[in-house]
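Numbering (this note's numbering), first residue to last: 1 to 55.
Glycine is no exception: its CB is placed at the ideal position from the N, C-alpha and C atoms.
Data block below; observations after.
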């Protein structure tokens, strides 16, 4: 992925995960594209990343 490569070149901590078959706005529970399992996983990964990198 081009974006991830650019971050890595700049030595910027990052974690990118793409959920196959899931579209933009998948974490919006009132939207048509809501994907509850992927949303739950994405939030858990986000919190873990922030806890690890903001301390």
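Own chain partners of residue i with C-beta closer than 6 Å, once the 5 adjacent residues on each side are dropped
i: residue 19; result: 38
Contact set for residue i: own chain, Cβ-Cβ below 8 Å, skip 5 residues either direction
i: residue 3; result: 16
i: residue 8; result: 14
Presumed contact (8 Å Cβ cut-off) between residue i and residue j, rounded CB distance
i: residue 25; j: residue 42; result: Not quite, the Cβ-Cβ distance comes to about 12 Å (not below 8 Å), so this is no contact.
i: residue 35; j: residue 22; result: 5 Å
Task: Completely contained alpha helix (DSSP H) runs for the stretch 3-53, where each covers 4 or more residues - done: Secondary structure in the stretch 3-53: the alpha helix (DSSP H) runs of 4 residues or longer, each lying completely within the stretch, are 36-53 in chain order.
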